[in-house]
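Enquirer: Per the working numbering, the sequence shown starts with residue 229, numbered consecutively.
Quick one: this structure, given as structure tokens, is what I'll be asking you about.
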Amino acid sequence: MLRNISNELCLEKGQAKRNRLKELIDVTAQFNPTDKFSSLYLVSEAGMGKSFTVNQHLEQSGIPYFNVTGSTSSFALGVKLACINYNNPSMENLIVNIDDCDDLVSTANSCNILKQMLDGKKEFNYERSLLSQMQGFSEEQVAAISHFSQEGRMGFCVPVHNMRFIFASNIELPDDEKLKKSRSKGSSRSVILSHRNAIRNRVINGN
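Structural data, given as structure tokens:
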């Protein structure tokens with residue numbers, strides 16, 4: 229009897245979390261111009277169904293979206309974003325679902341790229357030479373990067389103001405209190421935690 233009650237409570241809690249997630253996805257998909265920060269950052273343990281729930285709800289809602297793996301370099305992410313908006317010349321609003329984005333919050337440089345995507349001009353900005361990167365790219369990728377490149381400047385810059393991002397991660401972004409404690413202890417991780425805290429302050433937290 230107790231086991232049945234426990235199972236029912238777990239099912240209820242799970243359903244409540246899924247409903248809450250769907251509500252957050254809907255908020256992100258509204259593209260409310262008065263919301264300065266409306267991209268969504270989801271955190272939970274691996275295997276909890278984040279990606280399945282997000283994709284299922286977006287599909288059922290008819291919301292335009294693209295799936296992108298975050299388990300890659302920032303450069304590869306930028307190429308994918310360039311291709312998405314290259315094929316979206318009217319810059320229509322859409323959702324970009326970045327699954328498994330732990331690598332994108334692993335270094336100061338990748339965190340800075342995310343901050344630029346979420347704030348200010350909302351751009352993906354890659355400022356290095358592309359000569360060694362272009363080998364093996366498809367015609368579409370080359371065309372997209374060329375489209376978002378400027379003569380006389382290295383790299384490429386993709387406007388992403390028409391995008392709202394849903395990040396799925398196993399890494400929790402520290403709040404101000406956790407960052408303060410880390411700094412007070414003189415932790416060597418304070419620098420990367422500071423960058424992650426800055427991202428936290430630019431997204432809706434879904435953990």
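Where a beta carbon is used, it is the ideal one built from N, C-alpha and C, also for glycine.
In terms of residue numbering, what span does the alpha helix (DSSP H) encompassing V419 cover?
Expert: The residue given as residue 419 occupies position 191 in the sequence shown. Counting along the chain, the alpha helix (DSSP H) containing V419 begins and ends at S418 to R428.
Enquirer: Scan the segment 313-377 and note each continuous beta strand (DSSP E) run of 3 residues or more that stays entirely inside, going in chain order.
Expert: Within the segment 313-377, the complete beta strand (DSSP E) runs of at least 3 residues are 322-327 and 351-354.
Enquirer: Looking at C-alpha atoms only, which residue of G434, F384, S374 and K408 is the closest neighbour of I399?
Expert: Taking the sequence shown and counting its residues from 1, one reaches residue 399 at position 171. For I399, the nearest C-alpha among the options comes from G434.
Enquirer: I'd like the list of long-range same chain contacts for F352, defined as Cβ closer than 6 Å, with 5 residues on each side in sequence excluded.
Expert: Position 124 of the sequence shown, counted from the first residue, corresponds to residue 352. So the qualifying residues of the chain are G306, L309, M345, V386 and V388.
Enquirer: CA-CA distance, Y354 and I341?
Expert: Position 126 of the sequence shown holds residue 354. Position 113 of the sequence shown holds residue 341. Roughly 8 Å separates the two Cα atoms.
Enquirer: Do you know how far the Cα of V296 is from the Cα of A336?
Expert: To locate residue 336, count along the sequence shown from 1; it is residue 108. To locate residue 296, count along the sequence shown from 1; it is residue 68. Roughly 21 Å separates the two Cα atoms.
Enquirer: Which same chain residues, not among the five before or five after E439, have their C-beta less than 8 Å away from its C-beta?
Expert: With the chain covering only 229 through 435, there is no way to say anything about residue 439.
Enquirer: Could you check where the beta strand (DSSP E) with R392 kicks off and where it finishes?
Expert: Here residue 392 corresponds to residue number 164 of the sequence shown, with the count starting at 1. Residues M391 to S397.
Enquirer: How do the segment 400-410 and the segment 422-434 stand: do at least 3 beta-carbon pairs fall below 8 Å, yes or no?
Expert: They touch, by the three-pair rule.
Enquirer: What do you get for L380, buried or exposed, if any count of 16 or more other CB atoms within 10 angstroms of its CB means buried?
Expert: In the sequence shown, residue 380 corresponds to position 152, counting from 1. Going by the sequence as given, residue 380 is Gly instead of Leu. That one is exposed.
Enquirer: Which of the three DSSP states, helix, strand or coil, is assigned to F303?
Expert: By one-based count along the sequence shown, residue 303 stands at place 75. The answer is helix: DSSP assigns F303 an H, G or I state.
Enquirer: Work out the CA separation of I420 and C339 for me, nearest whole Å.
Expert: The residue labelled residue 339 in the question sits at position 111 within the sequence shown. The residue labelled residue 420 in the question sits at position 192 within the sequence shown. So the two alpha carbons sit approximately 8 Å from each other.
Enquirer: When you compare only the Cα positions, how much space is there between L268 and Q369?
Expert: Taking the sequence shown and counting its residues from 1, one reaches residue 268 at position 40. Taking the sequence shown and counting its residues from 1, one reaches residue 369 at position 141. If I take the Cα positions, the gap works out to 27 Å.
Enquirer: Does the Cβ-Cβ distance between L286 and K278 come in under 9 Å?
Expert: Here residue 286 refers to the residue found at position 58 when the sequence shown is read from its first residue. Here residue 278 refers to the residue found at position 50 when the sequence shown is read from its first residue. No, the pair does not count as a contact, with Cβ atoms beyond the cut-off.
Enquirer: What are the boundary residues of the beta strand (DSSP E) that T297 is part of?
Expert: The sequence position of residue 297 within the sequence shown is 69, counting from 1. Note, T297: beta strand (DSSP E), Y293 to T297.
Enquirer: So, under 8 Å CB-CB, G364 and D327 are touching, yes? Tell me the CB distance rounded to an integer number of Å.
Expert: As a working note, residue 364 is residue 136 in the sequence shown. As a working note, residue 327 is residue 99 in the sequence shown. Contact doesn't hold; Cβ gap of about 23 Å is too wide.
Enquirer: Going by DSSP, name the residue or residues bridged to F384.
Expert: One-based indexing of the sequence shown puts residue 384 at position 156. BP columns for F384 point to Y354.
Enquirer: Less than 9 Å between the beta carbons of A372 and C311, yes or no?
Expert: One-based indexing of the sequence shown puts residue 372 at position 144. One-based indexing of the sequence shown puts residue 311 at position 83. Closer than 9 Å, so yes.
Enquirer: Let's see if you can read the secondary structure: which residues bound the alpha helix (DSSP H) around L407?
Expert: Mapped onto the sequence shown, residue 407 falls at position 179. From DSSP, the alpha helix (DSSP H) with L407 extends over D404 to S412.
Enquirer: Below 8 Å on the Cβ atoms is my contact criterion, and I expect V324 with I432 to pass it. Report the Cβ-Cβ distance as a whole number of Å.
Expert: Your numbering for residue 324 matches position 96 in the sequence shown. Your numbering for residue 432 matches position 204 in the sequence shown. Between I432 and V324 the Cβ distance is about 15 Å, and since that is not below 8 Å, they are no contact.
Enquirer: For S377, I'd like the list of residues in its chain whose CB is within less than 6 Å of its CB, leaving aside the five on either flank, ordered along the chain.
Expert: Within the sequence shown, the letter at position 149 stands for residue 377. Same-chain partners within the cutoff: F384.
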